[in-house]
Amino acid sequence: MNAPEIAKKLEDIPPGSAITIDMKIDSYFDFIRATLDLFATRKDLDCIYVTSTIPSESILNALSVLEVDIDRVYFVDCISHSMMGKTSQSDHVIFVESATMLENIMLKVQYLMKKSKRENKVVIIDSVNTLAIHNNTKILSEFFHILLNNLRSKDAYIFILNMEGQGSEDLDSMMNLVADDKFRIPAGQEENGDGNGGGEEASE
Amino acid sequence: MDAARDRCVTGIENLDNILNGGIPRGNTVLVTGSCGTGKTTMSMEFLVHGALMGEPSLFLSVTEASDKLLKNVIPYDFFEDSLIKKGKLIFIDLPVVYELFGMTKGELDFEDIDLLVKAIADIVRDLGIKRLVIDSITSVCYQLRTEEKIRQFILKVGKSLSEYGCTSILVSEISPSSERYSLYGVEEAIADGIILMGNLQRRGDLLRTLQVVKMRGTNHSRAKYVLDLTPSGVLLVPLLKGGSI
Ligand SMILES: Nc1ncnc2c1ncn2[C@@H]1O[C@H](COP(=O)(O)OP(=O)(O)O)[C@@H](O)[C@H]1O
Ligand SMILES: [Mg+2]
Chain A
102 MNAPEIAKKL
112 EDIPPGSAIT
122 IDMKIDSYFD
132 FIRATLDLFA
142 TRKDLDCIYV
152 TSTIPSESIL
162 NALSVLEVDI
172 DRVYFVDCIS
182 HSMMGKTSQS
192 DHVIFVESAT
202 MLENIMLKVQ
212 YLMKKSKREN
222 KVVIIDSVNT
232 LAIHNNTKIL
242 SEFFHILLNN
252 LRSKDAYIFI
262 LNMEGQGSED
272 LDSMMNLVAD
282 DKFRIPAGQE
292 ENGDGNGGGE
302 EASE
Chain B
1425 MDAARDRCVT
1435 GIENLDNILN
1445 GGIPRGNTVL
1455 VTGSCGTGKT
1465 TMSMEFLVHG
1475 ALMGEPSLFL
1485 SVTEASDKLL
1495 KNVIPYDFFE
1505 DSLIKKGKLI
1515 FIDLPVVYEL
1525 FGMTKGELDF
1535 EDIDLLVKAI
1545 ADIVRDLGIK
1555 RLVIDSITSV
1565 CYQLRTEEKI
1575 RQFILKVGKS
1585 LSEYGCTSIL
1595 VSEISPSSER
1605 YSLYGVEEAI
1615 ADGIILMGNL
1625 QRRGDLLRTL
1635 QVVKMRGTNH
1645 SRAKYVLDLT
1655 PSGVLLVPLL
1665 KGGSI
C-alpha cells in the first residue's frame, strides 16, 4: 500500500477518534507522508508528532528528502535526550528527557494543543512498542487512557503506531481497550524494500 | 462547580478544574514548597490572569526586586504590557513599605504588625485589589519571629483582605524534607487553603508536582498532579500510578 492509498483509507475517519495503525516498518514513511499530506496539507491541521522511536531530527531530514511540507509538524521528542544526541533549539521540537516521563509527554502534547491556532489537530504517537520498552503495560494503559480521552474531547485525530512483530498479546489487548479502531496497513508490493524504513536510523 | 460561593477563577485551567471552579473568593491560600518548585511562577500567573479579567492584582515581594519579577511574566504568551500601564498588575517591594513606616529594626513588634496590616489593607482598599500575593510569607515570618506574632499577622491580614473581597496567596518556603507545610506551622493552620508544590523522584526521573491539600469552601481533588511551567502558563496532568502503590 502506498502513501496515496493509505491517505484514501484514512480520509473518512471522524475527528475525535483514536486509531491504532498496525504496520510493518517498510510502511513507516508512507504512513507519515500520507498522514501529513492528508491532515496537514489538505485539511490544514497542525500535526503533533510524539516520537520515542527515531529522533525528530532524523524524521525531519527524511521528510525533507521526501519533499513533505513540515511547516505544520511539531515534535515531542522523547528519544534524543536519552540517546545523548543533539537537542537543538527549534520552535517545532520539544524534548522530553526520557520516555519514562509519560506525564511530561502528556504535558507537552497539551502545551502544543493549546499553542496551536488551528481548530483541529492530528496527533501521531510513534510508537506504542517503543513506549513499552520503557514502561510497563499498567502505567502505559493509564497514560493512553488519560491522553486519548483528553485528545478526543478536543476532537483531535489520533494515530498510534503499532509495529507488527514488535508487540505482545498484552500490548494488543491494551490497545484494543484504549483505542476506538484499528487499521492495518498491508505491506506494499510496489515498494520492494527500498531501504527507506526507519529501522536503520533508529539503531544507529 | 459549586455555586455556593463566588469563585476567584485562577485562570490556570487545570487548577480551576481541580478546585471545582476556582479559589473561593476571599480565601487566604498558602502556596508551599521547596525552592524552585514553581511557587513564584504560579502565583504570578494567578495575578496576570486576574489582571486580564479586569481585577486589580498586587504582588507584594519581599525577597526579589519587582523589575526582575516583571521579566518573568513578559514571556507569557497571554501577557499584555497594558496591564502594568493601566495599573491592573502592580508590584510593590515590601522592604519599601517597611522603610516607609520605619520598620527597620529587623524584628517587628505587635504595633508594627498592626501598622503593616493596615498599610496592606489600605493599599488593597484604595486600589480595589482583588488578588494579592505575598512572596514570601516565610520572609515576613522571619521578621515576626514568634508564633504569636505570626498568628496575629496572618489572621489580621487574612481578615481584612477577605472583607475587601480580595483573594490572597501567601507563598511559603519549606525545606524539601519538611514534614510540615510551613516553617512555623502556624501559617498552615490559619490558612483557608494549602497548595503543596514539590519534586517527585521516580525511577531516576524528577517530576514537578502539585497537590491541593486543603481548600475551604469547595470540594476539590486531593490527588497529586504533575506540573509543567510553559510560556502558556502552568499545565497539569494527573500523576500516573501505574498500578504501584
Ligand atoms: N515559563 C517557564 N518555562 C520553563 N521554566 C520556567 C518557567 N518559568 C519559570 N521557570 C523555572 O522554574 C523554576 C521555578 O521557579 P520559581 O517559580 O521561582 O520557584 P519557587 O518560587 O518555588 O522557588 C525556575 O528554575 C525557573 O527558571
Ligand atoms: Mg520563589
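For the protein sequence lines, the chains are A and B, in the order given. Each step along the first sequence adds one to the number in the working numbering, with nothing skipped, and position 160 is 261. Each step along the second sequence adds one to the number in the working numbering, with nothing skipped, and position 201 is 1625. Ideal Cβ positions, reconstructed from N, Cα and C, are used throughout, including at glycine. These numbers were taken from a predicted model, which means no experiment stands behind them.
Per DSSP, V1557/B is one residue of the beta strand (DSSP E) stretching across 1555-1559. At least one heavy atom of ligand 2 is found less than 7 Å from the C-beta of D1559/B. Beta-bridge analysis with DSSP links F1483/B to F1515/B, V1557/B. With respect to chain B, the C-beta atom of L272/A has no partner C-beta closer than 8 Å. Shortest gap from the CB of K1463/B to any heavy atom of ligand 2: under 7 Å.
Interface residue (Cβ-Cβ distance to chain B less than 8 Å): M185/A is not classified as such. Contact check for C179/A against V197/A passes: the beta carbons are separated by less than 8 Å. A distance below 8 Å separates the beta carbons of M264/A and I126/A. Comparing alpha-carbon positions, the option among K209/A, T231/A, T238/A, I286/A lying closest to V224/A turns out to be K209/A.
Within the region 1647-1661 of chain B, those residues whose Cβ lies closer than 7 Å to any Cβ of chain A are, in chain order, V1650, D1652, T1654, S1656, L1659, V1661. Only residues of its own chain outside the window of five on either side were considered, and among them F1515, D1517 have a CB closer than 6 Å to the CB of S1490/B, listed in chain order.
Using a Cβ-Cβ distance cut-off of 8 Å, the region 1602-1613 of chain B and the region 1627-1635 of chain B are not in contact, since fewer than three pairs of beta carbons, one from each stretch, lie closer than that value.
Proximity of the beta carbon of V1486/B to ligand 2 is not indicated: no heavy atom of the ligand is located closer than 7 Å. Straight-line spacing of the CA atoms in Y129/A and Q1625/B works out to 35 Å. Counting along the chain, G117/A sits inside no alpha helix (DSSP H), nor does DSSP assign it H or E at all.
Considered as a whole, the region 1545-1632 of chain B harbours 1555-1559, 1591-1597, 1617-1626 as its complete beta strand (DSSP E) runs of no fewer than 3 residues, in chain order.
In this structure, G1446/B keeps its C-beta atom at 8 Å or more from the C-beta atom of M1621/B.
When DSSP states are grouped into helix, strand and coil, N221/A belongs to the coil group.
Within chain B, the residues D1652, T1654, P1655, S1656, L1659 have their CB atoms less than 9 Å from the CB of Y212/A, given in chain order.
Between F1577/B and L1568/B, the C-beta spacing is below 8 Å. D170/A and E158/A have their C-alpha atoms roughly 15 Å apart. The region 227-235 of chain A and the region 199-206 of chain A touch, with three or more beta-carbon pairs separated by less than 8 Å. Within chain A, the C-beta atoms nearer than 7 Å to that of G1666/B come from N237, K239, I240, E243, in chain order. Per the coordinates, the alpha-carbon of F1525/B lies some 11 Å from the alpha-carbon of I1537/B. Put simply, of V1433/B, N1623/B, M1468/B, V1472/B the residue whose alpha carbon is nearest the alpha carbon of I1558/B is M1468/B.
By the neighbour-count definition (other C-beta atoms within 10 Å, threshold 16), E220/A is an exposed residue. Against chain B, a Cβ distance below 7 Å from S199/A picks out D1629. G1657/B has its alpha-carbon roughly 26 Å from the corresponding atom of D145/A. Interface flag for K216/A against chain B is set, since a Cβ pair is found closer than 8 Å. Between ligand 1 and P1499/B, a heavy atom-to-CB distance of less than 7 Å is present.
Among the CB atoms of chain A, none fall inside 8 Å of the CB of L1476/B. At least one CB atom of chain A sits nearer than 8 Å to the CB of L1663/B. The beta carbon of I226/A is closer than 6 Å to those of V151, I261 in its chain, skipping five residues each way along the sequence. Neighbourhood of E220/A in chain B, by CB distance below 8 Å: empty, with the nearest CB roughly 17 Å away. The region 1640-1647 of chain B and the region 1479-1493 of chain B do not touch, with fewer than three beta-carbon pairs separated by less than 8 Å. For R134/A, the enclosing alpha helix (DSSP H) stretches over residues 129-136.
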